[in-house]
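Take a look at the structure set out below.
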Amino acid sequence: GAGVSQSPSNKVTEKGKDVELRCDPISGHTALYWYRQRLGQGLEFLIYFQGNSAPDKSGLPSDRFSAERTGESVSTLTIQRTQQEDSAVYLCASSPALGAGGREQYFGPGTRLTVT
Amino acid sequence: SQQGEEDPQALSIQEGENATMNCSYKTSINNLQWYRQNSGRGLVHLILIRSNEREKHSGRLRVTLDTSKKSSSLLITASRAADTASYFCATASSGNTGKLIFGQGTTLQVKP
Numbered sequence: 001g002a003g004v005s006q007s008p009s010n011k012v013t014e015k016g017k018d019v020e021l022r023c024d025p026i027s028g029h030t031a032l033y034w035y036r037q038r039l040g041q042g043l044e045f046l047i048y049f050q051g052n053s054a055p056d057k058s059g060l061p062s063d064r065f066s067a068e069r070t071g072e073s074v075s076t077l078t079i080q081r082t083q084q085e086d087s088a089v090y091l092c093a094s095s096p097a098l099g100a101g102g103r104e105q106y107f108g109p110g111t112r113l114t115v116t
Numbered sequence: 001s002q003q004g005e006e007d008p009q010a011l012s013i014q015e016g017e018n019a020t021m022n023c024s025y026k027t028s029i030n031n032l033q034w035y036r037q038n039s040g041r042g043l044v045h046l047i048l049i050r051s052n053e054r055e056k057h058s059g060r061l062r063v064t065l066d067t068s069k070k071s072s073s074l075l076i077t078a079s080r081a082a083d084t085a086s087y088f089c090a091t092a093s094s095g096n097t098g099k100l101i102f103g104q105g106t107t108l109q110v111k112p
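Shown next as structure tokens:
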């Protein structure tokens, strides 16, 4: 079936505006993750959803960042009052239900956010 | 914070040569995974090695894991120009939530 999709692919916004990024996981995947990747850097974990459990928000850098997921479907990552340091590629990944020993993650193409 | 440290940061080799990348980590893990990223966008999963495994193969890839040294290596044999990409190791901690902590990556260039 289709892979993980993200929209928009690119977003340019002015400092201080709010932005909403969308992720459509692979159908049937119960786990969904958001990561941020600054230019030339590795991925920073932001937030993790697993089924109906409370999300792991431990990676969110500030209270300007929030995310929601309805059931096992679409997720949105919202950044309020954007700052220039928020400029990065935001990557979403999904994986099947966790089994013993863990599972691989399937990544979307990312949203490149530029804050001017 | 990043758990994985990768070495080298950049590697340039000729087609046909082997490429070795190393990853070190700090805490106990459930598994360690390697991913490839082309052109700074989506990552592709390459291989997963569990904490009770020492070596794993997939095609031209060989991954080793030494939990006593908290390190892993990725070997790409007989490299091709198409292998040019950034390679990241990522660890899933014990008490696994599935959350991955990524290293900074190794940029590999394979010259034709």
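Protein sequences appear in the order of chains A and B.
With the working numbering applied, the first sequence covers 1 to 116.
With the working numbering applied, the second sequence covers 1 to 112.
Glycine included, C-beta positions come from ideal geometry on N, C-alpha and C.
Let me know the secondary structure DSSP gives residue i once reduced to three states.
i, result
"Gln2/B", "No answer about Gln2/B holds up, because its pLDDT of 45 lies below 50 and its placement is not dependable."
"Glu14/A", "coil"
"Gln109/B", "strand"
"Gln37/A", "strand"
"Glu85/A", "helix"
"Ala78/B", "coil"
"Asp66/B", "strand"
"Asp63/A", "coil"
"Glu68/A", "strand"
"Ser5/A", "strand"
"Ser39/B", "coil"
Is there a Cβ of chain A sitting closer than 9 Å to that of residue i, yes or no?
i, result
"Arg54/B", "no"
"Arg80/B", "no"
"Ile101/B", "yes"
"Gln104/B", "yes"
"Gln2/B", "Below a pLDDT of 50, predicted positions are generally treated as unreliable, and Gln2/B, at 45, falls in that range; no measurement from the model is reported."
"Ala85/B", "no"
"Gln109/B", "no"
Between which two residues does the beta strand (DSSP E) carrying residue i extend?
i, result
"Ala97/A", "Premise fails: Ala97/A is in no beta strand (DSSP E) and is neither H nor E."
"Val115/A", "Thr111 to Val115"
"Ser75/A", "Ser75 to Ile79"
"His29/A", "Taken as a continuous stretch (DSSP letters only), His29/A belongs to no beta strand (DSSP E), as it is neither H nor E."
"Gln50/A", "Leu43 to Gln50"
"Lys116/B", "Absent from the model: residue 116/B. The displayed extent of chain B is 1 to 112, so no value can be given."
"Arg50/B", "Leu43 to Arg50"
Between residue i and chain B, is there a C-beta pair that is closer than 9 Å?
i, result
"Glu104/A", "yes"
"Ser27/A", "no"
"Asp56/A", "yes"
"Leu91/A", "yes"
"Gly108/A", "yes"
"Leu60/A", "no"
"Leu113/A", "no"
"Gly42/A", "yes"
Using DSSP bridges, identify the partner residues of residue i.
i, result
"Val19/A", "Ile79/A"
"Asn22/B", "Asp7/B and Ser73/B"
"Thr91/B", "Leu32/B and Ile101/B"
"Ala85/B", "Leu108/B"
"Ala54/A", "DSSP, once it has assigned bridges, lists no residue as partnering Ala54/A."
Any C-beta of chain B within less than 7 Å: which residues of the region 66-88 of chain A qualify?
The residues in question: there are none.
Of all the residues that make up the region 5-28 of chain B, which are near chain A by a beta-carbon distance shorter than 9 Å?
If the cut-off is 9 Å between Cβ atoms, the region 5-28 of chain B has Glu6 near chain A.
Any C-beta of chain A within less than 7 Å: which residues of the region 41-67 of chain B qualify?
The region 41-67 of chain B vs chain A, Cβ under 7 Å: Arg41, Gly42, Leu43, His45, Leu48 and Arg50.
Which residues, taken in chain order from the region 9-34 of chain A, show a beta carbon closer than 8 Å to some beta carbon of chain B?
Of all residues in the region 9-34 of chain A, only Ala31 and Tyr33 come within less than 8 Å of chain B when Cβ atoms are compared, listed by chain position.
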